[in-house]
Amino acid sequence: MTEHLYSHVLVPTDFRAECRAAYRVAFAAALGSGATVSLLHVLPAESEDEYQGLDAIRLLHRAAEHVSSGKPLPPANPAAARAMQLERLRAEIHPEWIGPIELRLEVRTGDVVTEIARYANESAVDLIVMGGARPGLFRGFGRSSADRLARATPVKVVRVTPPALV
Numbered sequence: 001m002t003e004h005l006y007s008h009v010l011v012p013t014d015f016r017a018e019c020r021a022a023y024r025v026a027f028a029a030a031l032g033s034g035a036t037v038s039l040l041h042v043l044p045a046e047s048e049d050e051y052q053g054l055d056a057i058r059l060l061h062r063a064a065e066h067v068s069s070g071k072p073l074p075p076a077n078p079a080a081a082r083a084m085q086l087e088r089l090r091a092e093i094h095p096e097w098i099g100p101i102e103l104r105l106e107v108r109t110g111d112v113v114t115e116i117a118r119y120a121n122e123s124a125v126d127l128i129v130m131g132g133a134r135p136g137l138f139r140g141f142g143r144s145s146a147d148r149l150a151r152a153t154p155v156k157v158v159r160v161t162p163p164a165l166v
């Protein structure tokens, strides 16, 4: 008789390349224990009056950055933005990674750490796997999202860094 270590594995993602290493670890853990895997993306909350006055300049800068990077501008409608991010989540996962695993996709709006902790609590998550960049010279000075999340929830948080490219 095999013991299932995890029943629900959560992978918060911001679509960086480092998150792909976390996907693979989460699916491997879920496959071995028959767990459900949830991918969660948190959109930052913006107030309705954020772009009034001088804040409009920030909006123009953000639009210019998107245009120069070749990325499409995010939709102004929150429901459309959520649907766009759900499609992005679907595209992140290769079908052969999933196998018999139940996959859930979720997009929320708010503070990243707060929403991840809330989702973990509401959905009975027992493992959170987060992607992270390799530590650099100055990265150790600030608290990472994984550190903040570990303080905000009793759920085990594992930070996965991709292999170094030589």
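Counting in the UniProt record's numbering, the sequence shown runs from 1 upward without gaps. In this text, a Cβ means the ideal position worked out from N, Cα and C, and glycines have one as well. Bear in mind that the values here come from a model prediction, so they are computed numbers and not experimental data.
query: Own chain partners of residue 123 with C-beta closer than 7 angstroms, once the 5 adjacent residues on each side are dropped; result: 8, 38
query: Enclosing beta strand (DSSP E) for residue 106 [first to last residue]; result: 103-109
query: Continuous alpha helix (DSSP H) stretch holding residue 149: start and end; result: 145-152
query: Under the three-state DSSP convention, the category residue 7 falls into; result: coil
query: Start and end residues, beta strand (DSSP E) containing residue 36; result: 36-43
query: Beta-bridge pairing of residue 98 - partner residues as DSSP gives them; result: Bridge partners of residue 98: none, in fact.
query: Distance, residue 10 Cα to residue 35 Cα; result: 10 angstroms
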